[in-house]
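Worksheet for the structure shown next.
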Amino acid sequence: MRRVIQAILAALILAAAHPAWAAEPPWLDLVMTPKATGGGDSRLAVRMTLEAPGLKAGEGLVRLPLSLVGIPSARYDGQALTARDARGPLALFQSEEPPTPQGVYRRWSVGRATVGDVTVSFDAPPRRVTAATNNGPLFDLREDAGGFIGAGVTFLATPVKPGPWRVRLKWDLSAAPPGSRGVWSMGEGDVERTIPSDALAFSYYAAGPLKSYPAEGGEDFAVYWLPEPPFDAAALGEQVRALYASMAKFFDDAGGSYRVFIRTNPFPGTGGTALARSFAFGYLPSANPTLESLQGLVAHEMAHTWPAMQGEHGDTAWYSEGAAEYYSLFLSWRAGAVDVGRVVKTLNERAEAYYANPHRALSNPEASKIFWTDPVAQTVPYGRGFLYLVRTEAAIREASGGRRSLDDVVKALRQRQVKGEGHGVADWLALVGAEIGAERAKADYEHMAAGGLLTPPPRLYAPCLKVEATTARPLWLGFARSSLNDDRVVAGLEAGSPAAAAGLRDGDVIVEASDFNVVRRDPAATMDLTVRRGEEVLKFGFLPRAAPVEAWRWARDPAAPETSCRF
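Converting from the sequence shown to our numbering requires adding 751 to each position, the first position being numbered 1.
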């Protein structure tokens, strides 16, 4: 599951939580009017007024990606987006900004100089999804049970001027069902916040007959959903609130607000996406997810709120994803949310995913080139970053005789971020180098970044745990991953692969297939496909794995008492 684009969000999350602007910014008034009919006329109408932007002819007014990491936006082709100022209607012309690895932004520029305030209007349609829709980040605006949930980045055209802006968001619920509510990541109901333009895009919006924990919502924390889920949403909210309080305290961020949005998927799998002071997660109702099965997902997305690193996503994803993996597990244990058995199970799931990743040996830049086209490549930073941080923890503890830990470095890097100081790779290396020596810090980092094999430190969690040698079988689908989601035709079949050995052929039309996201996480799961070949309908099943490679795992030492376990 593709998650948060942390390189884009790192500064945004902090700015949304701790605005401190030198001059009084201009107003940005935003009125949102939801109309969820369940039909083709469903829309979230948006009217945005910018205080006297003073644009010259040809300057950019607003922008919106055509798609972002494969998730399509509302686009607003033709005259779907309009603007006017004190002189009347404004002619707009569209252009495309230079492409990025994440997507291409469309820009609307003004045909003449603007006079006074400028009002931009458009109707955002919800994205229509089916069981065949490719799972991805939870950016798209979805309609469900009389309401909407989605991230601004796929429907809210935001000012080209980066801001900051003094945003006044108002909800017009006149066309919504009785009892409806409007919620933004920054607050419920009518909200004022001083934020950059990107915070408008990379935050969540929800409207309709929302239910919540607490039932009345909240200024500091709340969880929202539309249809009733198969799990106890209020109990989940209570657990998430306790975990948030514990994590916020650890990262010295007590007192900030936080919101969680829950929505349904018509396709298998769960997944979450963290944005500004909030995250959303989705689930397939018929899969009946449990509170226990959701704990790791919720903790991971929440942990994204704090550890961040400046730099290109490909160079820093090991930290954003690795730190989320590390602290979602160990802060959950420290908060009493998981027991030692769950810690060991999770450690081994993450180790297995790392060693069985077919892209494990790619360098950070090499892996980043295929992040957005290969979901398996996207997971490289998770396992790599996690194991590198575990190894760094061991090195710091060893060098300090147990007096210092990874926590000291991560907190110091965050404090640099909070103060507006540099918090990139060079700053990380300086902080780690002060703990274990600059030469070793540099060598360890370069080994990781180059795709070098990472092994668990044998004595870190002793005597509670011990490290054992094992094997893992790398994932090998054997044909183009896009075959499962695009035209559903087998393409790029690899000679010698299990898929080829099972009898698949290029050109086979896929009628039905196992959920790839489930199969890739379970080393024992088979890939089952029903295909049409000419007039025949054939069934195939194979284990999509290559030959075993060396790997390691943790095991509980039965001779050690549970009191010896410290994480």
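Note that beta-carbon positions come from the ideal geometry of N, C-alpha and C, so glycine has one too.
Predicted model, so just to flag it, every value in this text is computed and none were measured.
**Prompt:** How should residue 1269 be labelled, buried or exposed, when 16 other C-beta atoms within 10 angstroms of its C-beta is the threshold for buried?
**Reply:** By the neighbour-count criterion, in which a residue is buried when 16 or more other Cβ atoms sit within 10 angstroms of its Cβ, residue 1269 is exposed.
**Message:** Quick check on the burial criterion: 16 or more other C-beta atoms within 10 angstroms. Buried or exposed for residue 1290?
**Reply:** With fewer than 16 other Cβ atoms within 10 Å, it is exposed.
**Prompt:** If we count the other Cβ atoms within 10 Å of its Cβ and call it buried at 16 or more, is residue 893 buried or exposed?
**Reply:** So residue 893 ends up on the buried side.
**Request:** Counting only the same chain and skipping the five closest in sequence on each side, list residues whose C-beta sits under 8 Å from that of residue 926.
**Result:** Excluding positions up to five away in sequence, the list reads 784, 785, 786.
**Request:** Tell me whether residue 828 is buried or exposed, calling it buried when 16 or more other Cβ atoms sit within 10 Å of its Cβ.
**Result:** Exposed, by the Cβ-count rule.
**Request:** Look at the alpha carbon of residue 1192 and the alpha carbon of residue 1305, and state the distance between them as a whole number of angstroms.
**Result:** Taking the straight line joining both Cα atoms gives about 25 Å.
**Prompt:** Are residue 1279 and residue 1292 close, meaning C-beta to C-beta below 8 Å?
**Reply:** Yes, they are a contact pair.
**Prompt:** Between the C-alpha atoms of residue 995 and residue 1286, what's the straight-line distance to the nearest angstrom?
**Reply:** Taking the straight line joining both Cα atoms gives about 56 Å.
**Request:** Could you tell me whether the segment 910-917 touches the segment 1148-1160, using the rule of 3 or more Cβ pairs below 8 Å?
**Result:** Judged by Cβ distances under 8 Å, the segment 910-917 makes no contact with the segment 1148-1160, as fewer than three pairs qualify.
**Asked** Can we say the segment 1021-1030 touches the segment 964-978, given the rule of at least three CB pairs closer than 8 Å?
**Response** Counting C-beta pairs closer than 8 Å gives fewer than three between the segment 1021-1030 and the segment 964-978, which falls short of the contact rule.
**Prompt:** Hey, residue 1014 and residue 1033: beta-carbon distance below 8 Å or not?
**Reply:** In contact: residue 1014 and residue 1033 (Cβ atoms closer than 8 Å).
**Identity of the residue in 1296, 840, 905 nearest residue 956 by Cα** = Of 1296, 840, 905, the smallest CA-CA separation from residue 956 is found for 905.
**Request:** Examine the Cβ distances between the segment 860-873 and the segment 944-952 and report whether three or more of them are shorter than 8 Å.
**Result:** No: the two stretches stay apart, fewer than three of their Cβ pairs being nearer than 8 Å.
**Asked** Which value, in whole angstroms, describes the spacing of the CA atoms of residue 1183 and residue 1044?
**Response** Residue 1183 and residue 1044 have their C-alpha atoms spaced approximately 34 Å apart.
**Prompt:** Taking the continuous beta strand (DSSP E) assigned at residue 1278, which residues delimit it?
**Reply:** Unbroken beta strand (DSSP E) run through residue 1278: 1278-1284.
**Prompt:** Is DSSP giving residue 1303 helix, strand or coil here?
**Reply:** Under the three-state reduction of DSSP, residue 1303 is assigned to strand.
**Prompt:** With 16 as the cutoff for other CB atoms within 10 Å, does residue 1135 come out buried or exposed?
**Reply:** Buried is the label assigned to residue 1135, since at least 16 other Cβ atoms lie within 10 Å of its Cβ.
**Message:** Between which two residues does the beta strand (DSSP E) holding residue 992 run?
**Reply:** That residue, residue 992, is in no beta strand (DSSP E); its alpha helix (DSSP H) goes 984-1001.
**Message:** So, for residue 753: in the same chain, excluding its five sequence neighbours on each side, which residues have a beta-carbon less than 7 Å away from its beta-carbon?
**Reply:** Confidence at residue 753 is low in this model, with a pLDDT of 37, below 50, so the placement of that residue is unreliable and no value is reported for it.
**Asked** According to the neighbour-count rule (16 or more other Cβ atoms, all chains shown, within 10 Å of its Cβ), is residue 761 buried or exposed?
**Response** At residue 761, the pLDDT of 45 sits below 50, so the modelled position is not reliable; the number obtained from the coordinates is stated separately. In summary, residue 761 is buried, with 16 or more beta-carbon neighbours lying within 10 Å of its beta-carbon over all protein chains present.
**Prompt:** How many Å lie between residue 1164 and residue 1006 at the Cα?
**Reply:** Taking the straight line from one Cα to the other gives about 20 Å.
**Request:** Count the other CB atoms, across all protein chains shown, that sit within 10 Å of the CB of residue 1262; report buried if there are 16 or more and exposed otherwise.
**Result:** Flag for residue 1262 reads exposed.
**Asked** Do residue 1225 and residue 1112 come within 8 Å of each other at the CB atom, strictly closer than that value?
**Response** Against a cut-off of 8 Å, the Cβ pair of residue 1225 and residue 1112 comes out as no contact.
**Item:** As assigned by DSSP and simplified to three states, the class of residue 844
**Value:** Three-state DSSP puts residue 844 in a strand.
**Message:** Taking the beta carbon of residue 1039 as the centre, do at least 16 other beta carbons fall within 10 Å, making it buried, or is it exposed?
**Reply:** So residue 1039 ends up on the exposed side.
**Request:** Measure from the alpha carbon of residue 1089 to the alpha carbon of each residue in 853, 824, 993, then state which is nearest.
**Result:** Of the listed residues, the one whose Cα sits closest to residue 1089 is 993.
**Prompt:** The beta strand (DSSP E) with residue 1121 in it runs from where to where?
**Reply:** That residue, residue 1121, is in no beta strand (DSSP E); it is neither H nor E in DSSP.
**Request:** Pick out whichever of 1008, 884, 1275 has its Cα sitting closest to the Cα of residue 1027.
**Result:** A check of alpha carbon separations from residue 1027 across 1008, 884, 1275 identifies 1008 as the nearest.
**Top-ranked residue by Cα proximity to residue 1331, from 1185, 973, 1000, 802** = In the structure as shown, the chain starts at 752 and stops at 1318, and residue 1331 therefore has no counterpart that could be examined.
**Item:** Per-residue burial, residue 1288 [other beta carbons within 10 Å of its own, 16 or more giving buried]
**Value:** By the C-beta density criterion, residue 1288 is exposed, having fewer than 16 other C-beta atoms within 10 angstroms.
**Message:** Rounded to whole angstroms, what is the Cα-Cα separation between residue 875 and residue 795?
**Reply:** About 5 Å.
**Asked** From what residue to what residue does the beta strand (DSSP E) around residue 782 run?
**Response** Residue 782: member of the beta strand (DSSP E) spanning 778-786, first to last residue.
**Request:** Would you kindly report the start and end of the unbroken beta strand (DSSP E) that includes residue 859?
**Result:** Where residue 859 is concerned, the enclosing beta strand (DSSP E) stretches over 856-861.
**Asked** Based on the DSSP secondary-structure assignment, which residues constitute the bridge partners of residue 1026?
**Response** Per DSSP, 1029.
**Prompt:** The alpha helix (DSSP H) spanning residue 1084 covers which residue range?
**Reply:** Bounds of the alpha helix (DSSP H) holding residue 1084 are 1064-1085.
**Message:** Considering Cα atoms alone, identify which of 862, 855, 850, 1196 is closest to residue 826.
**Reply:** The shortest C-alpha separation from residue 826 is found at 855.
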